[in-house]
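Asks:
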Amino acid sequence: MSEIHLECHDLLHLLSDYLDGELQAELSAAIEHHMAECGHCRVVVDTLRKTISLYHELSTEPLVLPAEVRERLFHTLQLTLPEEQR
Amino acid sequence: MVEATASEFSLEALRAGDRQEFARLVAAYSAPLYRLALRMLGNPQDAEDVLQNTFLKALQHLNEFEGRASLSTWLYRIAANEALMLLRRQRPETSVSDLLQEDEEDDVEMPAQFVDWCCLPEEELLSDEARRYLKEAVQRLPPKLRLVFVLRDIEGLSIQETSQTLHLSEAAVKTRLLRARLHLREQLSAFYAERLRGQRKQP
Chain A
1 MSEIHLECHD
11 LLHLLSDYLD
21 GELQAELSAA
31 IEHHMAECGH
41 CRVVVDTLRK
51 TISLYHELST
61 EPLVLPAEVR
71 ERLFHTLQLT
81 LPEEQR
Chain B
1001 MVEATASEFS
1011 LEALRAGDRQ
1021 EFARLVAAYS
1031 APLYRLALRM
1041 LGNPQDAEDV
1051 LQNTFLKALQ
1061 HLNEFEGRAS
1071 LSTWLYRIAA
1081 NEALMLLRRQ
1091 RPETSVSDLL
1101 QEDEEDDVEM
1111 PAQFVDWCCL
1121 PEEELLSDEA
1131 RRYLKEAVQR
1141 LPPKLRLVFV
1151 LRDIEGLSIQ
1161 ETSQTLHLSE
1171 AAVKTRLLRA
1181 RLHLREQLSA
1191 FYAERLRGQR
1201 KQP
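Residue numbers (the working numbering), protein chains in the order written: chain A, 1 to 86; chain B, 1001 to 1203.
(1) Quick check: what's the CA-CA separation for A/L12 versus B/V1108?
(2) Decide if B/Q1045 is buried, meaning its Cβ has at least 16 other Cβ atoms within 10 Å, or exposed.
(3) Is it buried or exposed, B/N1053, if we count other Cβ atoms within 10 angstroms and call 16 or more buried?
(4) Express the C-alpha separation of B/R1197 and B/L1125 in angstroms, rounding to a whole number.
(5) Determine the closest residue to A/E61 out of B/R1132, B/L1184, B/N1043 and B/L1120, with distance taken between C-alpha atoms.
(6) Quick check: is the beta carbon of B/S1072 nearer than 9 Å to any beta carbon in chain A?
(7) So which residues on chain A does B/G1156 lean against when the C-beta distance must stay under 9 Å?
(8) I want to see whether chain A comes within less than 9 Å of B/Y1076, judged by CB atoms only; does it?
(9) Could you compute how far the alpha carbon of A/L77 sits from the alpha carbon of B/F1055?
(10) Please report the straight-line C-alpha distance between B/L1025 and B/F1009, rounded to a whole angstrom.
(11) If you draw a straight line from the alpha carbon of B/A1004 to that of B/L1071, how long is it in whole angstroms?
(12) Could you check how far apart the C-beta atoms of B/M1255 and B/L1147 are, in whole angstroms? I think they sit under 8 Å.
(13) So, is the C-beta of B/E1008 closer than 9 Å to a C-beta in chain A?
(14) Would DSSP call B/M1085 helix, strand or coil?
(15) What residue from B/A1058, B/A1031, B/R1019 and B/R1195 has the CA that sits closest to B/A1130's CA?
(16) Chain B beta carbons: is any one of them nearer than 9 Å to that of A/G21?
(17) Going along the chain, which residues of its own chain have a beta-carbon closer than 7 Å to the beta-carbon of A/E26, five neighbours each way excluded?
(18) How long is the line joining the alpha carbons of B/L1168 and B/L1184, rounded to whole angstroms?
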């Protein structure tokens, strides 16, 4: 089987799928082969992966609804707060 | 997305106008929807407006909810639409159809930053300053990229759920997601390259 050869520009379009693990094996192998030879692409892939993981990290920050926002919401909707929330 | 709780609500009771059931729904979804709105708009007052309007709309349209999508996807969709409307009011030059149109130019910008900052220590990557910068960087994304990025990479929706929420094709979601991610990578590279230089200067 002949290997797929990728240029930097081709690789760019496949990056999201590659990092999300949704790319077929041959194409993933082609990306890895390209990265082994192209320093710039390797940095782009590594820092892009890190970018996504930093935002995943950020998304785990707890975000509590401020009590006054919740009160105003229930007031606007003319609802009574369920007992377990009081 | 708080998918697990969706099945805990009785659609029948909600449709019949059961106020207690609706109150339970509001209590369960107000925090994630507020967070979504805050991340999409970056401003607590706007996020609160979106939150209130989302539930007012939901209440108004419960009868039209067919149950094809999950209740949470439906609520997310309303919230995303409300956020879009608000963006349009604030920036009249961007129309909602512009934000949701399938006009995908397939072009992605070629990367320009090639500094490898992955080796920075975790406390530097996620310092208070870095966290602030990460959030600001999302706000600097063009709105149509920001919507997709927030839903997919911050709220953790799948490509399919994001496409359902925004009424966009999966292909369009993927293109926008890639462009958003690359955009953010450029911004983060500039920020962390600075930190890397600072570190090297230290004895």
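We put the beta carbon where it would ideally sit given N, CA and C, even for glycine.
Replies: With the given structure in hand:
(1) By one-based count along the first sequence, residue 12 of chain A stands at place 12. By one-based count along the second sequence, residue 1108 of chain B stands at place 108. A direct Cα-Cα distance of roughly 8 Å separates A/L12 from B/V1108.
(2) Along the second sequence, one-based indexing puts residue 1045 of chain B at 45. With a 10 Å radius around the Cβ and a threshold of 16 neighbouring Cβ atoms, B/Q1045 comes out exposed.
(3) What you label residue 1053 of chain B is simply residue 53 of the second sequence in a count that begins at 1. Classification of B/N1053: buried, given that the 10 Å Cβ count is 16 or more.
(4) Mapped onto the second sequence, residue 1125 of chain B falls at position 125. Mapped onto the second sequence, residue 1197 of chain B falls at position 197. Cα-Cα distance, rounded: 14 Å.
(5) Indexing the first sequence from 1 puts residue 61 of chain A at position 61. Minimum Cα distance to A/E61 is reached at B/R1132.
(6) Working through the second sequence from its first residue, we reach residue 1072 of chain B at position 72. No, B/S1072 does not count as interfacial toward chain A.
(7) Within the second sequence, numbered from 1, the residue matching residue 1156 of chain B stands at position 156. Residues of chain A passing the Cβ test: H56 and S59.
(8) Here the question's residue 1076 of chain B lines up with position 76 in the second sequence. Taking Cβ atoms only, chain A never reaches closer than 9 Å to B/Y1076, which makes this a no.
(9) If you number the first sequence from 1, residue 77 of chain A lands on position 77. If you number the second sequence from 1, residue 1055 of chain B lands on position 55. Cα to Cα, A/L77 sits roughly 8 Å from B/F1055.
(10) By 1-based counting over the second sequence, the position of residue 1025 of chain B is 25. By 1-based counting over the second sequence, the position of residue 1009 of chain B is 9. Whole-angstrom Cα-Cα distance: 7 Å.
(11) Position 4 of the second sequence, counted from the first residue, corresponds to residue 1004 of chain B. Position 71 of the second sequence, counted from the first residue, corresponds to residue 1071 of chain B. Legend: pLDDT at B/A1004 = 43, less than 50; position of this residue unreliable, value from coordinates given subsequently. Cα to Cα, the separation comes out at about 11 Å.
(12) A query on residue 1255 of chain B cannot be resolved here, the shown segment of chain B reaching from 1001 to 1203 and no further.
(13) Indexing the second sequence from 1 puts residue 1008 of chain B at position 8. Interface criterion not met: the Cβ of B/E1008 is under 9 Å from no Cβ in chain A.
(14) By one-based count along the second sequence, residue 1085 of chain B stands at place 85. Three-state result, B/M1085: helix.
(15) Sequence index remark: in the second sequence, residue 1130 of chain B carries index 130 (1-based). Comparing C-alpha distances from B/A1130 to each of B/A1058, B/A1031, B/R1019 and B/R1195 shows the shortest one belongs to B/R1195.
(16) Mapped onto the first sequence, residue 21 of chain A falls at position 21. Cβ-Cβ to chain B under 9 Å: no for A/G21.
(17) Residue 26 of chain A sits at position 26 when you count from the first residue of the first sequence. Taken in chain order, the residues that qualify are I4.
(18) Here residue 1168 of chain B refers to the residue found at position 168 when the second sequence is read from its first residue. Here residue 1184 of chain B refers to the residue found at position 184 when the second sequence is read from its first residue. Taking the straight line joining both Cα atoms gives about 22 Å.
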